[in-house]
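Enquirer: Please see the structure below; I have some questions.
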Amino acid sequence: MKEKIRIASGQGFWGDLIDAPVAQVNAGQIDYLVMDYLAEVTMSILQKQKNKNPDHGYARDIPELMEKILPQCIEKDIKVITNGGGVNPVSCAKEIIKVAEKLNIKKLKIGVVLGDNIVDSIDNIIEQGCHLNNMETGEEIDLHKDKLLSANVYFGAFPIVEALKNGAQIVITGRTTDTGLTLAPMIYEFGWDKENYNLMSAGTVAGHILECGAQASGGNLMADWQGVENMAEIGFPIAEAYSNGEIIITKHESLGGKVSLETVSEQLLYEIGDPKNYITPDCVADFTSIKVQDLGNNRVKIFDIKGFPETEFYKVSCSYADGFTASGSLTYSWPQALTKAKAADKILRQRLKNLNLQFDEIRTEFIGYDATHGPLAVKLDENLINEVMMRIAVRSKDYKSVERFGRELAPLILTGPPSVTGFAGGRPKPSEVVAYWPALIPKNLVQPKVEYMELV
Amino acid sequence: MKVKLIDIAHGRSGDKGDAANVGIIAYDDKGYDIIKKHLTKERVKKHFEGICFGEVERYELPNLRALNFVLNNTLGGGGTVSLKFDAQGKTLAAALLRMEFEIEE
Chain A
1 MKEKIRIASG QGFWGDLIDA PVAQVNAGQI DYLVMDYLAE VTMSILQKQK
51 NKNPDHGYAR DIPELMEKIL PQCIEKDIKV ITNGGGVNPV SCAKEIIKVA
101 EKLNIKKLKI GVVLGDNIVD SIDNIIEQGC HLNNMETGEE IDLHKDKLLS
151 ANVYFGAFPI VEALKNGAQI VITGRTTDTG LTLAPMIYEF GWDKENYNLM
201 SAGTVAGHIL ECGAQASGGN LMADWQGVEN MAEIGFPIAE AYSNGEIIIT
251 KHESLGGKVS LETVSEQLLY EIGDPKNYIT PDCVADFTSI KVQDLGNNRV
301 KIFDIKGFPE TEFYKVSCSY ADGFTASGSL TYSWPQALTK AKAADKILRQ
351 RLKNLNLQFD EIRTEFIGYD ATHGPLAVKL DENLINEVMM RIAVRSKDYK
401 SVERFGRELA PLILTGPPSV TGFAGGRPKP SEVVAYWPAL IPKNLVQPKV
451 EYMELV
Chain B
457 MKVKLIDIAH GRSGDKGDAA NVGIIAYDDK GYDIIKKHLT KERVKKHFEG
507 ICFGEVERYE LPNLRALNFV LNNTLGGGGT VSLKFDAQGK TLAAALLRME
557 FEIEE
């Protein structure tokens, strides 16, 4: 049994720095590369792609990435774990096999975690007495069942552990918790007991720190952000895990960025609710128990983490189509930039009203003035404002209203207040609103399943 | 004595559906004593008037010298429903750090 393993974060979201995983593999020693690709909205986007083409529905950056890193991963025995399989992990794995063949790799085993995608068995689940009520509003899902785009169960670390035990070099999953990706190798390598909830929580906390990529190693840092060196070549975080549950967050020395008390603390607080109840499928972690110690040299130790048994439910993330939105902007310059932008907004709204268009909401924000901090923004003397961007967005169940809104924005240039520019890129186009529906499902109603694909 | 929150703390914010979470971290123990005492639920709710339309939840993390606030009904519906420019509440930690308050010397 290994005494310590190094787990590297390779992506914080789908769209993150494409070559970050390449740097993690090449710039120093690691044992695992973990990549989180799935935000809540991502699953519905992937489901739409799969509906159009049954071979799609996963993060298509992955085969391209594998082409760059697979030989080194095999040579150095680095295992890759990612939830980028989306709604089609099997196709993702097939593409990786093709890449391996192209690279003349002779031997490769990929574990594929299935069973999280329940969009086709919703009726069956409801029949079994689980109504998938919205966790936040209590509404029943029957209301939106016909418009469902995706429905996925969040699995935890254990299906991945099973794949690792069976010798997988790469594990591709669908909807797995971000934290499970990092916890799984610790359970596997150290033989941690499923019921040791302190250890489950230690791995989970490490996963939370890694799941947003460089946000734990100097990116988006509010404390002395200018003190972060070489942000251009920022190193993504690495969790150096020990069998006793102590974890050191660090990064490759040769890369940029910074790991400090501040970088780790900011990430620990990111997107959490009640810190004593950080709920995952594997445990409930207590973030108020985490001890943090800066060891210097970009090494921060987290230890003494406490946790509790997991709940009887998996979280389910459903999404459904819920109308359309569009947004566009125009920029007004000094003098009277804000007054002009506000006048343009008023004229546009009057025109939309005269056209009898139907909107659930119209929202205007003045970028450069108060778009981010709203009423908290400092009120400026208008003579000091060089320019203001008027951004207007609409939402409606009626596609035609949203489409027509898109045609009313550009005319303001010749039919509204003066010194206006910035209308590039054509008319704002309607895009579909994907509403998100969080629910719970008893664990016994869904079973994760691990399949394998092999080159031998 | 007037204290500017930005001088004694940093933070990070993000989204949880239609709620935003704002984590505020004091730079030292003295700073934590100040935020623990003065950064009350009521004060934060009042600060975000016109931004946060729901309940404010407040949690203490003395181990990180931090407070976590959950601002319900804040992001215009959240996700792709929201029409807000900052639909994920990424800039709300900075917005909270604008706060100033009086403390005893």
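Protein sequences appear in the order of chains A and B. Quick note: the first sequence, position 226, residue 226 per the working numbering, numbers continuous. Quick note: the second sequence, position 46, residue 502 per the working numbering, numbers continuous. Note that beta-carbon positions come from the ideal geometry of N, C-alpha and C, so glycine has one too.
Please go through the same chain and pick out, in chain order, the residues whose beta-carbon is closer than 8 Å to the beta-carbon of Pro438(A), but skip the five residues on each side of it.
Expert: Cβ within range, chain order: Asn134, Met135, Glu136, Lys315, Val316, Ser317, Cys318.
Enquirer: Compare the C-beta of Phe557(B) with all C-beta atoms of chain A and state if any pair is closer than 9 Å.
Expert: Judged by the 9 Å Cβ criterion, Phe557(B) is not in contact with chain A.
Enquirer: Take Ser9(A) as the anchor and find which of Pro237(A), Ile62(A), Met222(A), Gln226(A) has the nearest alpha-carbon.
Expert: Nearest C-alpha to Ser9(A): Pro237(A).
Enquirer: Quick check on this structure: which residue in Asp55(A), Gly28(A), Gln11(A) has the alpha carbon closest to the alpha carbon of Val34(A)?
Expert: Of Asp55(A), Gly28(A), Gln11(A), the residue nearest in Cα terms is Gln11(A).
Enquirer: Flag Asp485(B) as yes if its beta-carbon sits less than 9 Å from any beta-carbon of chain A, otherwise no.
Expert: False, the Cβ-Cβ gap to chain A never drops below 9 Å.
Enquirer: Below 7 Å CB to CB, which residues in the same chain sit around Arg499(B) once its five sequence neighbours on both sides are set aside?
Expert: If we look at Arg499(B) and ignore the five residues flanking it on each side, it has no Cβ neighbours.
Enquirer: Inspect the beta-carbon positions of Ser459(A) and Asn298(A) and report whether they are closer than 9 Å.
Expert: Any answer about residue 459(A) is impossible in this case: the structure gives chain A only from 1 up to 456.
Enquirer: So Lys48(A) is in the alpha helix (DSSP H); what residue range does that whole segment cover?
Expert: That run of the alpha helix (DSSP H) goes 40 to 52.
Enquirer: Please report the residue range of the beta strand (DSSP E) in which Val526(B) lies.
Expert: That run of the beta strand (DSSP E) goes 522 to 527.
Enquirer: Taking any Cβ of chain B, which residues in the region 365 to 383 of chain A have a Cβ under 7 Å from it, in chain order?
Expert: Going along the region 365 to 383 of chain A in chain order, one finds Glu365, Ile367, Ala371, Thr372, His373, Gly374, Pro375, Leu376 with a Cβ nearer than 7 Å to chain B.
Enquirer: With a 10 Å radius around its C-beta and 16 neighbouring C-beta atoms as the bar for buried, classify Ile176(A) as buried or exposed.
Expert: The sequence given here has Thr at residue 176(A), not Ile. Classification of Thr176(A): buried, given that the 10 Å Cβ count is 16 or more.
Enquirer: For chain A, find out if any of its Cβ atoms is closer than 9 Å to the Cβ of Ile491(B); answer yes or no.
Expert: Chain A, which has no Cβ nearer than 9 Å to the Cβ of Ile491(B), makes this no.
Enquirer: Do Asn477(B) and Leu269(A) have their CB atoms nearer than 9 Å?
Expert: For Asn477(B) and Leu269(A), yes; Cβs fall inside 9 Å.
Enquirer: Comparing alpha-carbon positions, which option in Ala239(A), Ile110(A), Asp120(A), Ile96(A) lies nearest Asp31(A)?
Expert: Per the Cα distances, Ala239(A).
Enquirer: Pull up the distance between the alpha-carbon of Gly510(B) and that of Val434(A), whole angstroms please.
Expert: Roughly 23 Å separates the two Cα atoms.
Enquirer: Tyr314(A) lies in the beta strand (DSSP E); which residues open and close that run?
Expert: Its beta strand (DSSP E) spans residues 313 to 333.
Enquirer: Any C-beta of chain B within less than 8 Å: which residues of the region 386 to 407 of chain A qualify?
Expert: Those residues of the region 386 to 407 of chain A that come within reach of chain B (Cβ to Cβ, closer than 8 Å) are Arg391, Ala393, Val394, Arg395.
Enquirer: Alpha carbon to alpha carbon, what distance is there between Thr82(A) and Leu181(A)?
Expert: If I take the Cα positions, the gap works out to 7 Å.
Enquirer: For Asp322(A) and Ser289(A), what's the separation of their Cα atoms in angstroms?
Expert: About 41 Å.
Enquirer: Quick one: measure Cβ to Cβ for Tyr452(A) and Gly28(A), integer angstroms, because I've assumed they're closer than 8 Å.
Expert: At roughly 30 Å, the Cβ-Cβ gap does not stay under 8 Å, so Tyr452(A) and Gly28(A) are not in contact.
Enquirer: Tell me which residue opens and which closes the alpha helix (DSSP H) that Met1(A) is part of.
Expert: No alpha helix (DSSP H) contains Met1(A), which DSSP labels as neither H nor E.
Enquirer: Give every residue of the same chain whose Cβ lies closer than 6 Å to the Cβ of Gln347(A), excluding the five residues on either side of it in the sequence, and list them in chain order.
Expert: Gln is not the amino acid found at residue 347(A); the sequence shown has Ile there. Excluding sequence neighbours, Ile347(A) sits near Gly416.
Enquirer: Within the chosen definition, does the region 154 to 174 of chain A reach the region 73 to 90 of chain A through at least 3 CB pairs nearer than 8 Å?
Expert: Yes, since at least three Cβ pairs between the region 154 to 174 of chain A and the region 73 to 90 of chain A fall closer than 8 Å, the two stretches touch.
Enquirer: For the beta strand (DSSP E) containing Ile302(A), list its first residue and its last residue.
Expert: It spans 299 to 303 - the beta strand (DSSP E) in which Ile302(A) sits, taken as one unbroken run.
Enquirer: What are the boundary residues of the beta strand (DSSP E) that includes Ile247(A)?
Expert: First-last of the beta strand (DSSP E) with Ile247(A): 247 to 250.
Enquirer: Who are the Cβ neighbours of Ser201(A) in its own chain at under 6 Å, not counting the five residues just before and after it?
Expert: Contacts found: Cys283, Ala285, Ile305, Gly307.
Enquirer: Check whether the Cβ of Ser333(A) lies closer than 9 Å to any Cβ atom in chain B.
Expert: Not one chain B Cβ lies under 9 Å of Ser333(A).
Enquirer: Determine, using beta-carbon pairs with one atom in the region 388 to 397 of chain A and one in the region 330 to 340 of chain A, whether at least three such pairs fall under 8 Å.
Expert: Enough Cβ pairs lie closer than 8 Å, so yes.
Enquirer: List in chain order: all unbroken alpha helix (DSSP H) runs of 4+ residues lying wholly within the region 95 to 169 of chain A.
Expert: Complete alpha helix (DSSP H) runs here, min 4: 122 to 127, 158 to 165.
Enquirer: Based on the DSSP output, what are the partners of Phe405(A) in its beta bridges?
Expert: BP columns for Phe405(A) are empty, so no partner.
Enquirer: So what does DSSP say about Arg349(A), is it helix, strand or coil?
Expert: Residue state, collapsed to three classes: helix.
Enquirer: Could you give the distance in angstroms between the alpha-carbon of Ala54(A) and the alpha-carbon of Ala522(B)?
Expert: Per the sequence shown, the amino acid found at residue 54(A) is Pro instead of Ala. Rounded to the nearest angstrom, the two C-alpha atoms are 47 Å apart.
Enquirer: When the Cα atoms are used, what is the spatial distance from Tyr58(A) to Pro89(A)?
Expert: If you take the alpha carbons of Tyr58(A) and Pro89(A), they lie about 6 Å apart.
Enquirer: What residues of chain B sit near Ser327(A), judged by a beta carbon separation below 9 Å?
Expert: Neighbours of Ser327(A) on chain B, chain order: Leu539, Phe541.
Enquirer: Taking CB distances under 9 Å as the criterion, tell me whether Gly510(B) reaches chain A.
Expert: So no, Gly510(B) is outside the interface.
Enquirer: Out of curiosity, what's the CA-to-CA distance linking Phe557(B) and Pro275(A)?
Expert: Each residue's alpha carbon lies about 26 Å from the other.
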